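Here is the structure we will look at, set down as structure tokens.
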Amino acid sequence: MKKRKNQKSPVPLFLALGGGLLLIAAAILWANQNVPATPTSVTSHEEETYPDIPRVSLPDAKAALEEGAAIVVDVRSVEAYQAAHVAGAINIPLAELETRLAELDKAQWIITYCT
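Quick note: the sequence shown uses the numbering used here, first residue 107, plus one each step.
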């Protein structure tokens with residue numbers, strides 16, 4: 107009589123791997139169902155943070171600047187202003203704004219920007 111070696115069957119291993127793959131597939135399908143098909147509207151962080159500060163549209167700001175009814179103030183750093191800025195804008199860095207307010211004509215509409 108031959109001695110039978112005590113070999114383990116690979117079936118439990120395959121069942122465990124198959125079950126794991128099924129769990130991963132189910133998790134992926136579940137995650138994809140919770141993603142909205144269309145993006146929801148996003149409100150600007152600034153509008154949420156500063157609701158009392160009025161916003162101006164680009165066409166309105168451009169028209170006011172062209173008519174001479176507004177001053178556009180770039181409050182970024184001097185380096186950022188020199189790299190690129192709105193045509194006709196003056197540069198008063200935000201850190202200096204309080205001390206340089208007298209330079210601005212308060213009879214005009216003052217439009218600031220920082221991006």
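Here a beta-carbon is modelled for each residue, glycine too, at the ideal position from N, C-alpha and C.
Since the structure is predicted, the reported quantities are computational estimates derived from the model, not experimental observations.
Taking C-beta to C-beta, are GLY189 and VAL178 nearer than 8 Å? Per the sequence shown, the amino acid found at residue 189 is Ala instead of Gly. No, they are not a contact pair.
Look at the alpha carbon of LEU200 and the alpha carbon of ALA137, and state the distance between them as a whole number of angstroms. 44 Å
Report the residue from ALA170, ILE198, ALA176 whose alpha carbon sits nearest the alpha carbon of SER183. ILE198
Is it the case that the Cβ atoms of ALA176 and ILE217 are separated by a distance below 8 Å? yes
Measuring CA to CA, which of TYR187, GLY125, GLU202, GLU172 is closest to GLN214? GLU172
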